[in-house]
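Structure, as structure tokens:
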Amino acid sequence: MKKFRKVLDGLTTSSPASAGGSPSCGSAAGTPTAAPTPRELDVHETLMSEHFHICKTVRHGFPYQPTCLTFDPVQKILAIGTRSGGVRILGGPGVDCYSQHESGAAVLQLQFLINEGALVTACADDTLHLWNLRQRRPAILHSLKFNRERITFCHLPFQSKWLYVGTERGNTHIVNVESFILSGYVIMWNKAIELSTKTHPGPVVHLSDSPKDEGKLLIGFESGTIVMWDLRAKRTDFRIYYDEAIHSVSWHHEGRQFMCSHSDGSLSMWNLRNTAKPFQVTFPHGKSQRDGRKESCKPILKVEYKTCRNSEPFVIFSGGLSYDKAGRRPTLTIMHGKAITVLEMDHPIVEFIVLCETPYLNEVQEPYAVVVLLEKDFIVVDLTQSNFPIFENAYPMDIHESPVTCTAYFANCPPDIIPVLYSIGAKHKKTGYSHKEWPVSGGTWTVGSQTYPEIIITGHADGSIKFWDATAITLQMLYKLKTSKVFEKPKGAETGRSAELVEEDPYAVQMVSWCPQSRIFCVVGISAHVILYRFSKHDANTTITSLEVRLQCEMEEVISPSDTENTVCLTDPGGHSPQPQPPSPRSNMPDSARDSIPCLRVKDRMIRMPPGYQAELVVQLLWVDGEPPQQITSLDLNSAYGLLALGNCNGLAVVDYLQKTVILCMSTVELYGAADPFQRLTRSPRKNRQSTSDFCMRGLSNFYSDSKKRIRTSYQSLTELSDNQVSLDLERSKSPTSDHVNGHCTSPTSQPCVPGRPRVPGGPEGPRLSRRGPGRPPFRKAQSAACMEVSLPVSSLTEGYASRRAMLQQLHGVTMYSHDEHHTTTYSWTERESRENSFSRSRSSSVSSIDRDTKEAVTTLLFAESYGRKSDALPTPCLWVGTSLGLMLLVPMSIPTDEQERMEEPITVAPTSTVLMLKGSVLRFSFLDCAGCLIQSPYEVWRDGNAPEDPERPRRRKLVNFSPCSSQDAIGDGHLAVVCSERQAKVFLMPSQACLYVHNITESSFVLRADVVAVSNSVCLACFCANGHVMILSLPSLRPLLDVHYLPLTDMRIARTFCFTNGGQALYLSSPTEIQRITYSQEMCDNLQEMLGELFTPTETPEAQNRGFLKGFFGGNAQTFDREELFGEAAAGKASRSLAQHIPGQASVEGMRVAAGGAVGELARARIALDERGQRLGELEERTALMMASAETFSKHAHELMLKCKDKKWYQF
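Taking numbering that gives the first Met the number 0, I'd label the letters of the sequence shown as residues 0 to 1212.
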């Protein structure tokens, strides 16, 4: 084991201030600096910059705001387009690909080149794109931008390279999908309609070629006009003028008739022999009224007319319900013969597609399933069974079942945990699904060579917890836990004001803590409660223990050490102060009378708990003197110690969950004792007691707009919140000294906005909105990570918030006091930057007194074997506490080692005078041994407490402890403590507490998330900043290895859900419904192609069915024609250059040929060439044979007729 070389021993007696916060330890941003006289480390760091590269891996969940859908019946893959320009391609297990248009324009329509490994997308910016799917990450080959017309509809016939494009002006253009060049052949709207028509037919809403003759194109216009265009003759065969607007058209496979859906809720059937009027008009959901008229119905947006060999045809459509039925949910109607089945959907239908056995439109379709894309769901209906069951979804489309409020990511979990969770969760799965295989089964995927167990945990607004198997870039539901079952259901007026405060989401999950080895799980709820769960494979009847903690302190002013002489507390210039408001009349109990009661009521009876996670203990913070408890901001659990620590802006509480007792409950100030580096002046409790209960609701109103207050556990709120973003004034966005979001000061240099209090002169003008003051209750509404879409101010120096305080107010709903804001002055931004490195600068007397109306919050906690005092020779159990002032406290503990004594003897907790300091709120603690290896926290090995007792093998606790160093000699050298705050990272040597390395991570922004992770058999510090930068620092030297501008913080969802894990992976909620996983490891980026699934698999196109003789001769053939001869440049000429602009894609034409140059691709192209150029000879031979057979048949019938009539007289006829 490598040891430390002691250079100087003087630092072993250095003071906490000089070790942690002296200017000598500081450095310029982005440059790691060693302390002037530290101990040197002899640690060989193996990580280099070339080990890191950041890229996206896979996206899970339901595509947010979907717009369109398409399916390849041969490859059996499916594509979904979204409003943000995303394209999601889905196939079999592991085949899940997400691509994004750079323009971000909404995808209007998708068209597969069936069995060709290509996809055409039409976007709202009137651009067509051709995607190559023959590679694991699709790329755009060509783009075609229309300049003068807007695209409304596209149609690509099967086995054709010519794409029909309808426009808003009513014209139809033709595009060669191989070269993406516009043909000179154009069907103008004025040529399609009669010259006598005085009105424009409207945009093109439908295009399809006749199943009977590919040379006939059916064009549907929005106004109700339908035209059959003869492509060869360049004229119309017939025109139909209908009174109602057309939404969709569907052909019968024989090509003799077609069906239209209309805006009045009707379906019309048309026969090509008589197009003067429809031969059938039906209102499927319209009843006849007394006057004989049909009641008005909603539009039928889409209809599909599919035939079957052995049964009646299917007519499937969406919409068409009568208007008088209020409250009816969106429906999909399936008409099969005389049977009509109406399937009610939970969300509006975006689009649906009927899956058929054959890709040929002129054959009997034989439908077997319907894919229905809803606004917030995705289902597949089985048409082969009479009750039309749905398939069990093969993709994790229900992540957003309740809005996601927090996430956790665990890599390299114990290998047995996933099978155990899956076996428990499988018992609670829904039943009634179709027994057939999932129909979207295309593509191929194999598990990569480098796989390890990974689990993602999501917390939701309804209090539910979901465990997901994330191994090998897949995502599968393992187990679901409902925390609301621990509490009694609120009963009307019984809950009174508490129910009003928490509104609809009292159980919303705020954070989770999980020990995979001991399988102990902790959940922090929005109602200031913590639930501790133990895992068991057996059911149990038990009573939940409830502990109530009174964690409240009076507000105190915080004054810097050098500010004791010249601090002046200013009064309001105008003499105005917020006036107390009377309690709300809705409250059944005055707020002043609420004391020592929790927000929720735990079930106090015996409860039967099924196998899985079973609640054992609930810790609740209490109301104090009419004030509700502040939300919990930090949590840590250690199974080896049997302790649970939680903190908020009032202080710290430590709970012994084995003995079910509270062993420590202190305010942050009391933890410091005589070692407090700040002087604090106790405030009068009455000074802050101003309508706290009513202000809680008013603070909530200030934080959310009216639309944003309606956060529900239902999905409706997701759309409301994301579509109504709170925009900020551009002038305030540009100013770094005036960043206000919904009335909350976000900049450390901005003056607070208080009703009735004028702004400090010189500051920019802004809205004077109220902000939550000291001691006031937190935001009680569930702040869903999925729902929070807040436009953030962008200054000239940073993107996002200029202060972490405003971000934390939104994350935790508490008023936090960061170290940088403590030294806030009215100086300019440049002056502030120059002074920010000094921790001893004085507090300006011009600062408004409301800046002091804040609390020092506990921001992070960690149990570990460490040195609580400098004089300690051996590590002992300690609790590391980090605060929003950038201070670190060490709390040593004395824990009995014997199991029986541990259950009976009390634990001794003795806070020490050890105080270390950083810039900004402390975010993360971690520990390294003498060789620079990560020290894991001790844990208890899992044992099933409900398993039957074995007399021969008594059940005992088995603890696993990781010593800082392996050898006895090295123990005296201690270990390294890595501490990261929102602006700085430091490495301390314990127990001397000497600062060995310091690195200023950022000066213009702040760190949102920091984790010490294992990558490439080493460890590093990973940071995600609010300006979008992902940074990797080496350990222990804090040398920068990666700094990439990856993802700017555009909403609070990312800040709430971003997390790193081992193996070079991370994730965040990219939309209210999707989880985006990324990697920052070069090794994983190199192996990503191996891990992803293949979208295209070589498959032979099914042969067309051989048509019978009578159908071919008497019923007419499905005629083919040479499109190249008709639409090519030789016959049609060139299109106008100003009409559309060709844009080469990322992949070159040579790359496309190489990607598509396999034997199957060549065979497919040869088949298309044969169909379009050489089939006429085959058709001639076929027709000759048919004529010969017909002549023989006619001769035979004539001979039989002659023999029959030979002996008859003339009068017998």
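We put the beta carbon where it would ideally sit given N, CA and C, even for glycine.
A straight line joining the alpha-carbon of Ala644 with that of Val880 spans about 10 angstroms. With contacts defined as CB atoms closer than 9 angstroms, Val94 and Trp444 qualify as a contacting pair. Across the set Val42, His43, Asp41 and Ile53, the C-alpha of Ile53 shows the shortest separation from the C-alpha of Gly1062. By the neighbour-count criterion, in which 16 or more other beta carbons inside 10 Å mark a residue as buried, Phe278 falls on the exposed side. Put simply, of Lys536, Thr224 and Thr911 the residue whose alpha carbon is nearest the alpha carbon of Asp871 is Thr911. A Cβ-Cβ distance of about 3 angstroms is found for the pair Leu620 and Pro628, placing them in contact under the 8 angstroms criterion. Shown here for Ser102: same chain residues with a beta carbon closer than 8 angstroms to its own, the five before and five after excluded, namely Gly84, Cys122, Asp124 and Thr126 in chain order. Each residue's CA atom was taken as its position, placing Ser209 and Ser265 some 23 angstroms apart.
C-alpha of Gln134 to C-alpha of Gly116: approximately 9 angstroms in a straight line. Three or more Cβ pairs closer than 8 angstroms define a contact, and the region 424 to 443 meets that threshold against the region 72 to 84. If you draw a straight line from the Cα of Leu651 to the Cα of Glu948, it is about 38 angstroms long.
Between Ala105 and Arg82 a beta carbon distance of about 5 angstroms is seen, short of the 8 angstroms cut, so the two are scored as contacting.
In the displayed model, Phe1126 falls within a helix according to three-state DSSP. Rounded to the nearest angstrom, the Cβ distance from Leu331 to Ile315 is 7 angstroms, consistent with a contact under 8 angstroms. In this structure, Arg533 sits away from Ile543, with a CB-CB distance that is not shorter than 9 angstroms.
For the pair Leu1091 and Val1029, the Cα-to-Cα distance works out to about 24 angstroms. When the five nearest sequence neighbours on each side are left out, the beta carbons in the same chain lying within less than 6 angstroms of the beta carbon of Ile225 are those of Gly219 and Ile239, in order along the chain. If the five residues before and after Ala1013 are omitted, its C-beta is found closer than 6 angstroms to the C-beta atoms of Asn1061, all from its own chain and listed in chain order. Counting C-beta atoms within 10 angstroms of its own C-beta, Met665 has 16 or more neighbours from the protein chains shown and is therefore classed as buried. In the three-state scheme derived from DSSP, where H, G and I count as helix and E and B as strand, Trp250 is classed as strand. Of all C-beta pairs linking the region 978 to 989 to the region 915 to 935, three or more are shorter than 8 angstroms, placing the two stretches in contact. Apart from the 5 residues on each side of it in sequence, Ile417 sits with its Cβ closer than 6 angstroms to the Cβ of Pro452 and Asp468 in its chain, given in chain order.
Residue ranges of uninterrupted beta strand (DSSP E) with 3 or more members, entirely inside the region 139 to 193 and ordered along the chain, are 150 to 154, 161 to 166, 171 to 175 and 180 to 186.
It is roughly 15 angstroms from the alpha-carbon of Thr913 to the alpha-carbon of Thr875. Listed in chain order, the non-local C-beta contacts of Arg593 below 6 angstroms within the same chain comprise Trp622 and Gly625, local neighbours out to five positions each way being set aside.
Taking a C-beta distance under 9 angstroms as the contact criterion, His100 and Thr120 qualify as a contact pair. Taking C-beta separations shorter than 6 angstroms and ignoring five residues to either side along the sequence, the partners of Asp263 in its chain run Glu243, following chain order. With a threshold of 16 other beta carbon atoms within 10 Å, Gly931 meets it and is buried. Residue ranges of uninterrupted beta strand (DSSP E) with 3 or more members, entirely inside the region 271 to 301 and ordered along the chain, are 279 to 281. Excluding its 5 nearest sequence neighbours in each direction, Asp538 has C-beta neighbours in its own chain below 7 angstroms: Arg607, Met608, Pro609 and Pro610, listed in chain order.
In this structure, the beta-carbon distance from Leu1007 to Ala1054 falls below 9 angstroms. Taking the C-beta atoms as reference points, Ala1009 is found no nearer than 9 angstroms to Leu995.
Within a 10 Å sphere around the beta-carbon of Tyr304 sit 16 or more other beta-carbons, which makes this residue buried.
If you compare the alpha carbons of Thr1078, Leu1046 and Leu162 with that of His50, the shortest gap goes to Thr1078. Using a Cβ-Cβ distance cut-off of 8 angstroms, the region 851 to 865 and the region 896 to 911 are not in contact, since fewer than three pairs of beta carbons, one from each stretch, lie closer than that value.
Annotation for Glu615: Leu531 and Arg533 place their beta carbon closer than 6 angstroms to its own, counting only its chain and skipping 5 residues before and after.
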